[in-house]
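Here the structure is laid out as structure tokens; the discussion comes afterwards.
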Amino acid sequence: MYKRFSKGQEAEKRVYEGKLYRPLTEEQMQMIHETSMKVFEEIGVCIKYAPARELWKKAGAMVDDETGVCKIGREVVEDCIKKAPGEFVQYGRNPKNNIHQGPYKFYGGPSCEAVGVWDFETGEHRSPNIYDLAAGIRLCDALENCDLLQSCCFPSELSKEAPDLNRYFIMTKNSSKHICTGPYRPESVPKLYDMANIILGAKDAFRERPFITLVCGVISPFIMDAGWTQTLMSGIEYGFPIASPTASTTGSTCPGTLAAQLVLSNVEALMTVVTVQLKKAGHPCFYSAVPMTVDLRDGAFCFASVEGWMQNCAINQISQWYDIPNYSICGMCDSKVMDTQLGIEEGMGIVLGAMSGSNNMHGSFGLLEGGLTLCLENYVVANEVIGMAKRVLRGIEIDEERLGMDAFRDVGIGGVFLDHPLTLKYARSEFFYPKLADRKSFASWDLAGRPSYNEKARKMTLDILMSHKPDPIDPEAEKEIRMTFPEILDDAGKTWLEK
Amino acid sequence: MKEKLFEEIMDAVVNGETKKVVELVNEAMSNNIPAAEILNNALVAGMNEVGELFKEGEMFVPEVLVSAKALQAGIDVIRPALVEAGVKSTGKVVTVTVEGDLHDIGVKLVGMMLEGAGFEVVNIGVDKKAKEIVDKVKELKPDILGMSAMLTTTMANMKEVVDALKEEGLIDNIKIMIGGAPTSPMYAEKIGAHYAADASEAVAIAKTLLGVA
Numbered sequence: 079m080y081k082r083f084s085k086g087q088e089a090e091k092r093v094y095e096g097k098l099y100r101p102l103t104e105e106q107m108q109m110i111h112e113t114s115m116k117v118f119e120e121i122g123v124c125i126k127y128a129p130a131r132e133l134w135k136k137a138g139a140m141v142d143d144e145t146g147v148c149k150i151g152r153e154v155v156e157d158c159i160k161k162a163p164g165e166f167v168q169y170g171r172n173p174k175n176n177i178h179q180g181p182y183k184f185y186g187g188p189s190c191e192a193v194g195v196w197d198f199e200t201g202e203h204r205s206p207n208i209y210d211l212a213a214g215i216r217l218c219d220a221l222e223n224c225d226l227l228q229s230c231c232f233p234s235e236l237s238k239e240a241p242d243l244n245r246y247f248i249m250t251k252n253s254s255k256h257i258c259t260g261p262y263r264p265e266s267v268p269k270l271y272d273m274a275n276i277i278l279g280a281k282d283a284f285r286e287r288p289f290i291t292l293v294c295g296v297i298s299p300f301i302m303d304a305g306w307t308q309t310l311m312s313g314i315e316y317g318f319p320i321a322s323p324t325a326s327t328t329g330s331t332c333p334g335t336l337a338a339q340l341v342l343s344n345v346e347a348l349m350t351v352v353t354v355q356l357k358k359a360g361h362p363c364f365y366s367a368v369p370m371t372v373d374l375r376d377g378a379f380c381f382a383s384v385e386g387w388m389q390n391c392a393i394n395q396i397s398q399w400y401d402i403p404n405y406s407i408c409g410m411c412d413s414k415v416m417d418t419q420l421g422i423e424e425g426m427g428i429v430l431g432a433m434s435g436s437n438n439m440h441g442s443f444g445l446l447e448g449g450l451t452l453c454l455e456n457y458v459v460a461n462e463v464i465g466m467a468k469r470v471l472r473g474i475e476i477d478e479e480r481l482g483m484d485a486f487r488d489v490g491i492g493g494v495f496l497d498h499p500l501t502l503k504y505a506r507s508e509f510f511y512p513k514l515a516d517r518k519s520f521a522s523w524d525l526a527g528r529p530s531y532n533e534k535a536r537k538m539t540l541d542i543l544m545s546h547k548p549d550p551i552d553p554e555a556e557k558e559i560r561m562t563f564p565e566i567l568d569d570a571g572k573t574w575l576e577k
Numbered sequence: 003m004k005e006k007l008f009e010e011i012m013d014a015v016v017n018g019e020t021k022k023v024v025e026l027v028n029e030a031m032s033n034n035i036p037a038a039e040i041l042n043n044a045l046v047a048g049m050n051e052v053g054e055l056f057k058e059g060e061m062f063v064p065e066v067l068v069s070a071k072a073l074q075a076g077i078d079v080i081r082p083a084l085v086e087a088g089v090k091s092t093g094k095v096v097t098v099t100v101e102g103d104l105h106d107i108g109v110k111l112v113g114m115m116l117e118g119a120g121f122e123v124v125n126i127g128v129d130k131k132a133k134e135i136v137d138k139v140k141e142l143k144p145d146i147l148g149m150s151a152m153l154t155t156t157m158a159n160m161k162e163v164v165d166a167l168k169e170e171g172l173i174d175n176i177k178i179m180i181g182g183a184p185t186s187p188m189y190a191e192k193i194g195a196h197y198a199a200d201a202s203e204a205v206a207i208a209k210t211l212l213g214v215a
């Protein structure tokens with residue numbers, strides 16, 4: 079009926095490039111690269127999984143099978159950098175959610191395995207459960223600025239021995255976006271492959287549409303853990319793209335300078351790239367690093383320090399120099415509650431990350447306390463901030479029409495432009511309109527009952543959870559999955575509202 | 003057939019399509035639909051919808067202005083017929099920006115929305131001294147005087163106008179509304195006026211003050 083205001087629901091999603099924040103000069107990147115190569119040649123890295131060491135050996139590395147230490151020449155490293163693809167697709171279970179990875183492209187999502195949650199109804203701080211995980215992912219599915227999914231909490235009902243099938247099932251049941259999360263056990267990889275094929279409805283269909291990236295850990299300094307590396311190699315065999323972040327902390331797992339941390343991060347990011355490319359040249363993988371700082375006043379691990387932002391943005395810049403998509407963090411908060419600290423940390427972190435071209439910027443949605451506490455109201459906040467960051471990346475458009483000479487002629491000196499066709503034409507597209515920020519005068523705000531930002535975020539969160547329906551999994555497929563993997567809990571996939 | 007035409011006029015008002023509004027209103031007139039019905043059930047109804055959409059944040063200020071222009075064009079077509087039929091407006095409002103203040107975008111927007119709701123609105127300009135305003139009130143005999151100020155320094159002149167109206171014994175026959183960035187419900191209460199936060203609210207308050215639906 080009101081044609082002018084049709085929201086254009088199926089409008090193509092715009093992807094923005096971030097090339098605005100460049101923490102390093104060309105010379106500095108060169109120095110980091112040179113020092114990294116020296117580390118590879120002189121000190122080496124420790125690879126605890128024998129089959130991976132074999133690949134390095136075959137490529138010409140000096141390998142000590144007793145200690146696991148592998149030293150490798152720069153030619154091999156540089157060759158693997160070239161082989162790693164600069165662009166690839168992270169597929170959604172639904173193709174509309176495909177993410178095209180490439181230089182500078184800004185994408186964001188949640189992360190981590192929070193072990194605490196602020197109960198949405200009672201306000202108590204407790205252990206998370208499967209309903210919380212479902213709710214977090216449901217919100218990700220609904221929010222337009224959440225591009226990639228990660229598990230947001232570790233549900234305490236799940237056994238430590240076999241949590242993986244439940245985790246992934248809950249995630250994919252609540253969203254058809256790409257899942258970027260690691261399994262706890264290498265043995266889960268073939269099972270995930272099977273589950274994914276059942277969902278896609280055909281044997282080996284996952285190879286055409288790998289909708290899960292496996293995130294494998296690395297231990298600083300310079301260790302490729304056995305279990306994680308086994309997962310990494312198995313993942314490659316089954317067609318999963320790979321991310322493999324290191325999370326060094328200045329002064330503890332790396333020397334206490336930003337430069338040294340960048341060298342360490344670079345070596346660790348490249349050692350996994352090398353392993354992936356030696357296993358299968360051209361396999362999609364990320365240049366992954368999450369450099370963080372320690373507050374040396376008391377040893378606190380910081381996820382939202384200024385240096386942490388700078389370092390992760392430097393990682394993004396180096397990845398662009400190597401032409402490999404990056405996996406890093408910005409926008410995660412140290413705050414325990416949704417307060418001023420959170421506003422500052424989330425605001426600054428997200429905008430800086432976006433401006434540096436973060437391809438897989440995880441950590442901003444839904445998390446507090448450095449990723450250890452889940453807070454459902456924080457999804458819509460991150461969504462809003464990312465919207466603002468994207469507006470920065472979009473930039474200022476200057477063209478003949480927008481320069482407004484015709485408008486100046488039409489309206490003249492001392493006139494008003496509010497209803498001029500130029501203003502009207504760009505009224506909606508030129509500006510980012512926040513849904514949560516309040517811009518009323520004091521009188522209006524007072525009359526409206528002094529609405530608080532957090533209350534609005536809460537209401538928006540509840541509205542989404544009550545109404546949003548993700549793309550369903552075929553009921554027959556779900557039946558088959560539950561039969562094949564009986565460890566999947568009955569309520570897996572439900573939010574607490576659907577209990 | 004009439005209902006469908008009214009709906010089309012409503013849509014055209016909401017979508018700010020001036021030519022279409024004029025065309026459709028002319029069509030309604032040529033089908034002998036009474037001007038008052040066209041005014042209330044199509045044009046004003048359309049502007050009410052605009053008011054709702056604006057309040058909900060679905061329509062933005064420039065779009066409201068364009069709709070108001072389309073509405074005006076429609077009213078211009080039926081005005082002679084309205085006068086002939088003796089159709090009364092919902093009420094008469096005089097709007098003004100007080101002494102020392104040149105801002106009038108807001109008060110003009112209020113005027114357009116009030117006209118959309120069927121009020122007769124006369125805007126007497128900007129930077130008007132209290133005496134000038136009182137003289138105009140005597141001349142035009144409005145039901146409501148709407149005053150606007152953008153600056154805290156000029157806001158005080160609103161009180162001066164109210165005092166002058168009291169002195170002249172005019173206060174009992176007129177309702178006072180105020181608006182503008184520095185104004186507030188507190189200030190309105192202090193000077194014996196009614197505050198409206200925006201154009202949409204102004205229409206609601208004006209209707210309440212005159213006891214109309």
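So the protein sequences, as listed, match chains A and B.
Its first residue numbered 79, the first sequence is counted upward by one per residue in the numbering used here.
Its first residue numbered 3, the second sequence is counted upward by one per residue in the numbering used here.
Where is the CB? At the ideal position from N, CA and C, for every residue including glycine.
For the alpha helix (DSSP H) that contains residue i, what are its first and last residues?
i                     : result
residue 111 (chain A) : 104 to 116
residue 128 (chain B) : Element bounds for residue 128 (chain B): n/a, residue is neither H nor E.
residue 196 (chain A) : Segment 194 to 196 is the beta strand (DSSP E) holding residue 196 (chain A); no alpha helix (DSSP H) there.
residue 483 (chain A) : 483 to 489
residue 150 (chain B) : Unbroken run through residue 150 (chain B) is the beta strand (DSSP E), 146 to 150; no alpha helix (DSSP H).
residue 550 (chain A) : Here residue 550 (chain A) belongs to no alpha helix (DSSP H), and DSSP marks it neither H nor E.
Helix, strand or coil: how does DSSP classify residue i here?
i                     : result
residue 28 (chain B)  : helix
residue 496 (chain A) : coil
residue 405 (chain A) : strand
residue 379 (chain A) : strand
residue 395 (chain A) : helix
residue 266 (chain A) : helix
residue 207 (chain B) : helix
residue 128 (chain A) : helix
residue 108 (chain B) : helix
residue 88 (chain A)  : Residue placement at residue 88 (chain A) cannot be trusted, given a pLDDT of 45 that sits under 50; what the coordinates show is reported in the next sentence. The answer is coil: DSSP assigns residue 88 (chain A) none of H, G, I, E or B.
residue 166 (chain A) : strand
residue 331 (chain A) : coil
residue 464 (chain A) : helix
Give the straight-line distance between the Cα atoms of residue i and residue j, rounded to the nearest whole angstrom.
i                     : j                     : result
residue 270 (chain A) : residue 236 (chain A) : 16 Å
residue 104 (chain A) : residue 185 (chain A) : 25 Å
residue 553 (chain A) : residue 143 (chain A) : 49 Å
residue 251 (chain A) : residue 454 (chain A) : 18 Å
residue 245 (chain B) : residue 111 (chain B) : Since the displayed chain B opens at 3 and closes at 215, residue 245 (chain B) lies outside it and no answer follows.
residue 443 (chain A) : residue 422 (chain A) : 15 Å
residue 70 (chain B)  : residue 15 (chain B)  : 8 Å
residue 65 (chain B)  : residue 53 (chain B)  : 11 Å
residue 89 (chain B)  : residue 218 (chain A) : 56 Å
residue 566 (chain A) : residue 231 (chain A) : 17 Å
residue 64 (chain A)  : residue 87 (chain B)  : The structure shown does not extend to residue 64 (chain A), since chain A is modelled only from 79 through 577, so no value can be given for it.
residue 19 (chain B)  : residue 208 (chain A) : 52 Å
residue 12 (chain B)  : residue 58 (chain B)  : 18 Å
residue 352 (chain A) : residue 282 (chain A) : 26 Å
residue 100 (chain A) : residue 360 (chain A) : 28 Å
residue 405 (chain A) : residue 349 (chain A) : 15 Å
residue 17 (chain B)  : residue 73 (chain B)  : 11 Å
Nearest by alpha-carbon distance to residue i: which of the options is it?
i                     : options                       : result
residue 255 (chain A) : A:330, A:220, A:239 and A:385 : A:220
residue 93 (chain A)  : A:302, A:398, A:471 and A:301 : A:471
residue 419 (chain A) : A:288, A:403, A:384 and A:232 : A:384
residue 528 (chain A) : A:518, A:233 and A:386        : A:518
residue 398 (chain A) : A:437, A:127 and A:167        : A:437
residue 129 (chain B) : B:146, B:117, B:145 and B:160 : B:160
residue 164 (chain B) : B:179, B:105, B:77 and B:152  : B:179
Please report the Cβ distance between residue i and residue j, rounded to the nearest whole angstrom; I am assuming they are in contact, meaning their Cβ atoms lie under 8 Å.
i                     : j                     : result
residue 362 (chain A) : residue 319 (chain A) : 4 Å
residue 575 (chain A) : residue 395 (chain A) : Actually they are not in contact, since the Cβ atoms of residue 575 (chain A) and residue 395 (chain A) sit about 43 Å apart, beyond 8 Å.
residue 535 (chain A) : residue 459 (chain A) : 6 Å
residue 97 (chain B)  : residue 214 (chain B) : Their Cβ separation, rounded to whole angstroms, is 18 Å, which puts residue 97 (chain B) and residue 214 (chain B) out of contact at 8 Å.
Starting from residue i and walking both ways along the beta strand (DSSP E), at which residues does that stretch end?
i                     : result
residue 439 (chain A) : 439 to 443
residue 421 (chain A) : Looking at the DSSP string, residue 421 (chain A) is not in any beta strand (DSSP E); the run it does join, the alpha helix (DSSP H), is 418 to 433.
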